[in-house]
Amino acid sequence: MKARLEDDPAADLADGLGHGRSAVADFDAHEWSVMLPLALVGFFTNYDTGLLTLAAPDIAAGLGVSVAVFGIGVAIIRLAALGSIATLRLADRWGRRTMLLVSVAAFTAATGLTAAAWGLIAFVAFQLVARLFLATEETLAGVVLTEELRPDRRGSGIGLLGIISTGGFGLVAILLLFADATPLGWRLFYVVALVPLVVVAYLRRNLRETRAFGAAAAAARLQESWWPRLVPRDRSRLWRLAILFGLVGMLNTTAFFYAAELAQDGYGWEGLFTVIVFAAAPTTLTGYVAGGRLSDRFGRKPVTVWAVLVFGLGAILLFTEERALYAPGFFLLAGADAAVQAVRTAYISELFPTEVRATLASFVGAVNVAAGSFGLALVGVLAGVVDPGLSIIAMAVACTTAVVLVRRLPETVGIDVIEGA
Numbered sequence: 046m047k048a049r050l051e052d053d054p055a056a057d058l059a060d061g062l063g064h065g066r067s068a069v070a071d072f073d074a075h076e077w078s079v080m081l082p083l084a085l086v087g088f089f090t091n092y093d094t095g096l097l098t099l100a101a102p103d104i105a106a107g108l109g110v111s112v113a114v115f116g117i118g119v120a121i122i123r124l125a126a127l128g129s130i131a132t133l134r135l136a137d138r139w140g141r142r143t144m145l146l147v148s149v150a151a152f153t154a155a156t157g158l159t160a161a162a163w164g165l166i167a168f169v170a171f172q173l174v175a176r177l178f179l180a181t182e183e184t185l186a187g188v189v190l191t192e193e194l195r196p197d198r199r200g201s202g203i204g205l206l207g208i209i210s211t212g213g214f215g216l217v218a219i220l221l222l223f224a225d226a227t228p229l230g231w232r233l234f235y236v237v238a239l240v241p242l243v244v245v246a247y248l249r250r251n252l253r254e255t256r257a258f259g260a261a262a263a264a265a266r267l268q269e270s271w272w273p274r275l276v277p278r279d280r281s282r283l284w285r286l287a288i289l290f291g292l293v294g295m296l297n298t299t300a301f302f303y304a305a306e307l308a309q310d311g312y313g314w315e316g317l318f319t320v321i322v323f324a325a326a327p328t329t330l331t332g333y334v335a336g337g338r339l340s341d342r343f344g345r346k347p348v349t350v351w352a353v354l355v356f357g358l359g360a361i362l363l364f365t366e367e368r369a370l371y372a373p374g375f376f377l378l379a380g381a382d383a384a385v386q387a388v389r390t391a392y393i394s395e396l397f398p399t400e401v402r403a404t405l406a407s408f409v410g411a412v413n414v415a416a417g418s419f420g421l422a423l424v425g426v427l428a429g430v431v432d433p434g435l436s437i438i439a440m441a442v443a444c445t446t447a448v449v450l451v452r453r454l455p456e457t458v459g460i461d462v463i464e465g466a
């Protein structure tokens, strides 16, 4: 039998994928009581996100507008995520439990009201509120897991949350098959989204305030000001992460958008593109394991660097416009995207002290969203002069080069977040 190297990432990744039962057993009862309701919240977060893309033609037709006009509405809705900086600032002042309850309830109510939308303007208005609190609960879920899971299980827990959450897109795909055959039509999508109200009731009874926030409050470290006070060290860390993950967000949004266009319009692969998307599911799950479980073992820094490098490589392969490289590039892109999401959540939460953790995590997330919209607009504006594929390759080069910003950041795996980063 071949001996296993002590630090073998490939073998450890195989363990994570092949021994899921032992990985699940790694969490104790308290950790599961925190993870399961947050996993359901994450599931419906992805479900709501998937509706605006996968179900766009059905919703647009139901509202009596073209897909192009509906797309403008979706672009406006995306920007609501920027407002989560304010709501997550409250999480650093009032507590994780309070804001998580408020955000899940508000998101569910706004999503349910969307089912009653009488036109595009009403739809956008309700979804603006839903997206604001969706972004709030998404970031807050990562913060709560970081503060409540054991240090050597944080990445694994966040990765598992990501794996479960991807099922939200699958539910959208299933409902698409028969939504039109029901009296509700597209409105059925948003009636189903009322399920998280059950989570609110559960969290209200069972979720306690995190130990890290309780310790910060007891030590009088909480900041009442709206603008967080940062020491120079934290300010430097924040800008390094904002630049890196801003470039990742720019590449992410643009690459996935134009990947669909290249396959369907450029190559005429309408059916084949759907097959490729479904075939990418195993690489996505692998990415969550790599970004979570492997970062617990080998560290946040190296996994962040490698995930971003692979993400950039996937984009370059995809947009060389060599048909044989499209599927490998798409698989790398999907897997690395999942890895980046998992490790980013853990790394950002561990780098900053409790009293500003949620605020700064939301700031980096907002930069990621804004940069994605900017990248999409930039490629569109330059399309008449520069081929979109070339523009995206340039973004990929910039993104991979930016990993040097991680060099001066500390390793955080295993840190005690109750004491502070």
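This note's numbering numbers the first residue of the sequence shown as 46 and each following residue consecutively.
By construction, the Cβ of each residue, glycine as well, lies at the ideal position given by its N, Cα and C atoms.
These figures come from a predicted structure and were not determined experimentally.
Closer than 8 Å by C-beta to residue i: which residues in its own chain qualify, once you throw out the five before and the five after it? Chain order, please.
i    : result
V79  : V189, L190, E193, L194 and L252
A372 : I321 and A324
R345 : G200, V388, A391, Y392, E395, E456, T457 and V458
V353 : L289, V293, A381, V385, C444, T445, A447 and V448
E76  : E193, L194, R195, R198 and G202
State the DSSP-derived secondary structure class of residue i, mapped to helix, strand or coil.
i    : result
G215 : helix
G410 : helix
Y312 : coil
E456 : coil
D461 : coil
A416 : helix
R176 : helix
T299 : helix
E192 : helix
G230 : coil
S67  : For S67, the predicted model reports a pLDDT of 48, less than 50, meaning its position is unreliable and no value from the coordinates is stated.
S281 : helix
G294 : helix
V451 : helix
A167 : helix
V430 : coil
A106 : helix
F318 : helix
A238 : coil
R266 : coil
When the distance is taken between beta carbons, is residue j closer than 8 Å to residue i?
i    : j    : result
A287 : F408 : yes
L165 : L108 : yes
G87  : V217 : no
A262 : I361 : no
L179 : T90  : yes
I29  : P196 : Nothing can be reported for residue 29, as the shown portion of the chain is limited to 46 through 466.
A120 : S111 : no
L127 : V414 : yes
Y333 : A381 : no
V355 : V293 : no
R282 : L370 : no
T445 : G357 : yes
A305 : F318 : yes
R198 : T404 : no
G420 : E366 : no
D103 : A224 : yes
R141 : F258 : yes
G157 : Y247 : no
T132 : T211 : no
A411 : I130 : yes
I438 : F364 : yes
M295 : G417 : yes
T328 : L242 : no
F171 : T159 : yes
P228 : V401 : no
R285 : L450 : yes
Just to confirm the assignment, what range does the alpha helix (DSSP H) spanning residue i have?
i    : result
V86  : A74 to L99
R256 : R256 to A263
S148 : R141 to T159
V442 : P433 to T446
R199 : R199 to S210
V334 : A326 to V334
F115 : V112 to R123
Go through its chain and collect everything with a Cβ distance to residue i's Cβ below 7 Å, but skip five positions before and after it.
i    : result
I203 : G187, L190, G337, A387, T390 and A391
V244 : P82, L85, V86 and V149
A125 : L173, R176 and L177
Y92  : G213, L216, V217 and A238
A447 : I288, L289 and L292
L427 : S436
Give every residue of the same chain whose Cβ lies closer than 6 Å to the Cβ of residue i, excluding the five residues on either side of it in the sequence, and list them in chain order.
i    : result
T331 : G380
V424 : T299, P433 and S436
S340 : G200, V348 and V388
### Message
For a minimum of 4 consecutive residues, which ranges assigned as the alpha helix (DSSP H) are wholly contained in the segment 344-394?
### Response
Fully enclosed alpha helix (DSSP H) runs of 4 or longer: 345-363.
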